[in-house]
Amino acid sequence: MTREYIKIAELIYKQKIGIISDQEQKELDKWEKEKTFHQTISDRLLKESGWEQRYKQYKQISSTNIWHNLKRQIKPRKRFIRLKQIGYAAGIILLLGAGFYFQQFISTRENRNNTYSISEFIPGSRQAILRRANGENVLLTNADSIIACDGRFGDIKKIKNKLIYAAAKNDSKEVWDTLETPNSCEFQVTLSDGTNVWLNARSRLIYPVAFVGETRSVWLEGEGYFEVRRDEKHPFIAEINGMTIKVLGTSFNLKSFSEEARTTVTLISGKVEVNVGNRNLVLTPDMQADLVGEELTVKQVDAEAYRAWTKGNFVFRRERLESIMNDLARWYNVEIRYEEGTKEILFSGIMNRYETISETLWMIEKTGKVKFDITGSIVTVKKQ
């Protein structure tokens, strides 16, 4: 098995420097598709530099000798390194040298004081459930398809990771659809007016197949990012957990989950009017309205951080660890438990949303404030 991983590492580098054969490319493609983290490893290696020199050095080295040396170095340390990880490490050492990558991907993790279980939780994917007004439920995956072709209420198409509604030819009747994203899922929809909505994990959007009347109204549970098509004659209204947002044309992020007991609207561009009961306020870019219980507050924020999830990143600016872990729980579909005194710890950072959970937790651990134990689907947060 170890020779297999060394071979894969060699293929990755051959691909980068442009000397890989067609047969070797097929072999590498097959390996990358076998497991999610295979692609992650390949992508990381391809970002490294110094290919030609390292490859020449590699060809001059006896892989058998290095493998035996590696085993002698690891054995006395009593690390819980799986054979699979050692195999990857061997290939990486052969091609990158015993430096940055080995330390970051294997050694540093294993030297931490906490112990992760062997289980690995992969990040979410672009899937959703479309619940139609006629009772039909449609599972939306990566395949392109035509969901409906009805001249009365408009055509609905699924193209790649996006649901697209065409404008209705006859708006005499309003029919409502519901788009749901379970845990570990996200999706995008273009409404019939051209408005784009991104749904985060464990969210639900209720909207008309075609907008009828003087306003364009939708209802949201969870988190969604909106880019509203401008139409001064037909204001766009989004409702979420007691808060109403009225816009003409703008982009904003809405978020409200029951476990967090708060509702936020963050404005990226344009202008929105926020209504809560008898209270009204207007937001301009980089402002956020925060509703906790009956208390409504407004503050200045880095609005781009709140839509980073639509671009494949987690971005946190002095966020409470409990809030961060809630995001991770929905995205990786895990349960979070806390040691006393850990929920209020503040954390700032930028992380790839499509990394495995252990990689994401490791980034948080680097602050030196907390550590994590993973048992089954339960992640426990502890003080370091």
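The numbering of the sequence shown is full-length UniProt numbering, which starts it at 1 and goes up by one. Backbone N, C-alpha and C define an ideal beta-carbon position, used for all residues, glycine too. As the structure is a prediction and not an experimental result, all values here were calculated from the model.
- Just grab the DSSP bridge partners of E180 for me. Start at 1 with the first residue of the sequence shown, and residue 180 comes out as number 180. For E180, the pairing in a beta bridge is given by DSSP as I129, R204.
- Message: Quick check on W176: buried or exposed, where buried means 16 or more other Cβ atoms within 10 Å of its Cβ?
- Response: Residue mapping note: residue 176 aligns to position 176 of the sequence shown, counting from 1. Answer is exposed; the Cβ neighbour count stays below 16.
- Item | Nearest-angstrom Cβ-Cβ length linking V274 and A289, presumed shorter than 8 Å | Sequence index remark: in the sequence shown, residue 274 carries index 274 (1-based). Sequence index remark: in the sequence shown, residue 289 carries index 289 (1-based). About 5 Å separates the two Cβ atoms, so the contact holds.
- Query: Considering only C-alpha positions, which residue in the set S323, G277, E136 is nearest to R262?
  - Reply: Here residue 262 is taken as the residue at index 262 of the sequence shown, counted from 1. Taking only the C-alpha atoms, the option nearest R262 is S323.
- Would you kindly work out how many angstroms separate the C-alpha atoms of Y116 and D29, rounded to a whole number? Your numbering for residue 116 matches position 116 in the sequence shown. Your numbering for residue 29 matches position 29 in the sequence shown. For Y116, the pLDDT reaches just 47, beneath the cut-off of 50, and the residue's location in the model is therefore unreliable, although a value from the coordinates is still provided. A direct Cα-Cα distance of roughly 29 Å separates Y116 from D29.
- Are there 16 or more other CB atoms within 10 angstroms of the CB of E335, so buried, or fewer, so exposed? By 1-based counting over the sequence shown, the position of residue 335 is 335. Burial call: exposed.
- Message: Count Cβ pairs between the region 330-347 and the region 127-135 that sit closer than 8 Å; are there 3 or more?
- Response: With the cut-off at 8 Å, the region 330-347 and the region 127-135 do not touch.
- Whose C-beta lies closer than 8 Å to the C-beta of K382 among residues of the same chain, with five residues either side of it excluded? For this step, residue 382 is matched to residue 382 along the sequence shown. Sequence-distant Cβ neighbours of K382 in its own chain, meaning closer than 8 Å and more than five residues away, are N114, E339, T342, V370, K371, F372, D373.
- Message: Which of the three DSSP states is assigned to A261 in this structure?
- Response: The residue given as residue 261 occupies position 261 in the sequence shown. Shown here, A261 sits in coil according to DSSP, grouped into three states, outside any helix or strand.
- Task: List the endpoints of the continuous alpha helix (DSSP H) containing N326.
- Result: Translated into positions along the sequence shown, residue 326 becomes position 326. Run containing N326: 321-332, per the alpha helix (DSSP H) assignment.
- Message: Starting from S348, trace the beta strand (DSSP E) in both directions and tell me its first and last residue.
- Response: The count along the sequence shown starts at 1 and reaches residue 348 at position 348. Run containing S348: 346-352, per the beta strand (DSSP E) assignment.
- From this set, N137, R330, V189, which residue's C-alpha is nearest K159's C-alpha? Mapped onto the sequence shown, residue 159 falls at position 159. Checking the sequence, you will find Ile at residue 159 rather than Lys. It is V189 whose Cα lies nearest to the Cα of I159.
- Message: Please report the straight-line C-alpha distance between L163 and W31, rounded to a whole angstrom.
- Response: By one-based count along the sequence shown, residue 163 stands at place 163. By one-based count along the sequence shown, residue 31 stands at place 31. Distance between the alpha carbons of L163 and W31 is about 31 Å.
- Residue nearest to A308 in terms of C-alpha spacing, selected from D286, I350, R320: Mapped onto the sequence shown, residue 308 falls at position 308. From the listed residues D286, I350, R320, the smallest Cα separation to A308 is found for I350.
- Pick helix, strand or coil for E221, following the three-state DSSP scheme. Here residue 221 is taken as the residue at index 221 of the sequence shown, counted from 1. Three-state DSSP puts E221 in a strand.
- By a C-beta neighbour count over all protein chains shown, 10 Å radius and 16 as the cutoff for buried, is A167 buried or exposed? Looking up residue 167 in the sequence shown gives position 167. Label assigned to A167: exposed.
- Item | Residues near S269 in its chain [Cβ-Cβ closer than 7 Å; skip 5 each side] | One-based indexing of the sequence shown puts residue 269 at position 269. Contacts found: T250, S251, P285.
- Message: What does the Cβ neighbour count give for N253, buried or exposed, with the cut at 16 atoms within 10 Å?
- Response: By 1-based counting over the sequence shown, the position of residue 253 is 253. Here N253 is buried: its Cβ has 16 or more other Cβ atoms, across all protein chains shown, within 10 Å.
- With a Cβ-Cβ cutoff of 8 Å, do L283 and V265 count as a contact? Translated into the one-based positions of the sequence shown, residue 283 becomes position 283. Translated into the one-based positions of the sequence shown, residue 265 becomes position 265. Result yes, Cβ atoms of L283 and V265 sit closer than 8 Å.
- Task: From the DSSP output, in three-state form, read off T141 for me.
- Result: Working through the sequence shown from its first residue, we reach residue 141 at position 141. Assigned with DSSP and collapsed to three states, T141 falls in coil, not helix or strand.
- Query: In three-state DSSP terms, what is Q288?
  - Reply: In the sequence shown, counting from the first residue as 1, residue 288 sits at position 288. Q288 sits in a strand when the DSSP states are folded into three classes.
- Query: So, using beta-carbon positions, are E319 and L346 closer together than 8 Å?
  - Reply: Your numbering for residue 319 matches position 319 in the sequence shown. Your numbering for residue 346 matches position 346 in the sequence shown. Yes. Within cutoff.
- Task: Give the DSSP bridge partners of W362, in chain order.
- Result: Here the question's residue 362 lines up with position 362 in the sequence shown. In DSSP, W362 forms no bridge with anything.
- How should E227 be labelled, buried or exposed, when 16 other C-beta atoms within 10 angstroms of its C-beta is the threshold for buried? Numbered from 1 along the sequence shown, position 227 holds the residue referred to as residue 227. Burial call: buried.
- Item | Alpha-carbon spacing of S203 relative to L140, whole angstroms | The count along the sequence shown starts at 1 and reaches residue 203 at position 203. The count along the sequence shown starts at 1 and reaches residue 140 at position 140. Cα to Cα, S203 sits roughly 15 Å from L140.
- Query: Nearest to A329 by alpha carbon, out of K157, W219, T380, R279?
  - Reply: Position 329 of the sequence shown, counted from the first residue, corresponds to residue 329. Of the candidates K157, W219, T380, R279, the one whose C-alpha sits nearest the C-alpha of A329 is T380.
- Query: If residue 392 sits next to S184, beta carbons under 8 Å apart, how far is it from one beta carbon to the other, in whole angstroms?
  - Reply: Because the chain spans 1 through 384 in this model, residue 392 falls outside it and cannot be assessed.
- Are the beta-carbon atoms of T375 and I122 separated by less than 8 Å? One-based indexing of the sequence shown puts residue 375 at position 375. One-based indexing of the sequence shown puts residue 122 at position 122. In this structure, T375 lies away from I122, with their beta-carbon atoms at least 8 Å apart.
- Query: Identify the residues that DSSP records as bridge partners of Y165: which are they?
  - Reply: Numbered from its first residue, the sequence shown carries residue 165 at position 165. In the DSSP output, where bridge partners are listed per residue, Y165 has I156.
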